[in-house]
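Inspection log for the structure reproduced underneath, given as C-alpha cells.
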C-alpha cells in the first residue's frame, strides 16, 4: 500500500514539474498530509527529486493537506484541476508565506501564458 502512495506522490510531482519547469530546480521540502477515514498519513516530499519518505518532516517549508480520495484523483491531473481543488478548499496549503507567494506567482504567470496561447 505504501509503495502505491509513493508512486502516486511521484506521479503528481512529475506532472506538476512537467507543467511548471521553472520549479524543477527549486530546493524545497514539503509536508504532505493525506487524510483518510480516521487515518492521516504524513509524508516528507523533498524536491528536486522527489525524495519521498513517510513521517513528520522537521524541515518542511510548505504544508499541503488533501483528502486521500481526492489525492488519488488529482495525482494524474493537470495544474488546472489542482488549482480548482485549491479554490474549492479541497487542497489546503500552509507554511512559509514567502514560499507560498513564490509558488502562487509562478502558477499565476503560467496560467496567464496558457490563456494567451489559447486566445491566439
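In the numbering used here, the protein residues as written are 115 to 234. From the three backbone atoms N, C-alpha and C, an ideal C-beta is built for every residue, glycine too.
Report task. Output the distance between the C-alpha atoms of residue 115 and residue 135, rounded to the nearest integer angstrom. Result -> At residue 115, the pLDDT of 48 sits below 50, so the modelled position is not reliable and the matter cannot be decided from this model.
Query raised in the report: For residue 144, is the classification buried or exposed, using 16 other Cβ atoms within 10 angstroms of its Cβ as the cut-off for buried?
Result: buried
**Report entry** Those residues which DSSP pairs with residue 181 across a bridge
**Finding:** 149
Query - Distance CB(residue 190)-CB(residue 149) smaller than 8 angstroms - result: no
Query raised in the report: Contact between the segment 167-174 and the segment 191-203: three or more CB pairs below 8 angstroms?
Result: no
Requested in this report: Take the Cβ of residue 151 as the centre, count every other Cβ of all protein chains shown within 10 Å, and call the residue buried at 16 or more, exposed below.
Outcome: exposed
Requested in this report: My understanding is that residue 164 touches residue 123, with C-beta atoms under 8 angstroms, so please give their C-beta distance in whole angstroms.
Outcome: 7 angstroms
Report task. Tell whether a beta-carbon distance below 8 angstroms holds between residue 159 and residue 147. Result -> no
Query raised in the report: If you compare alpha carbons, which of 117, 121 and 154 is closest to residue 181?
Result: 154
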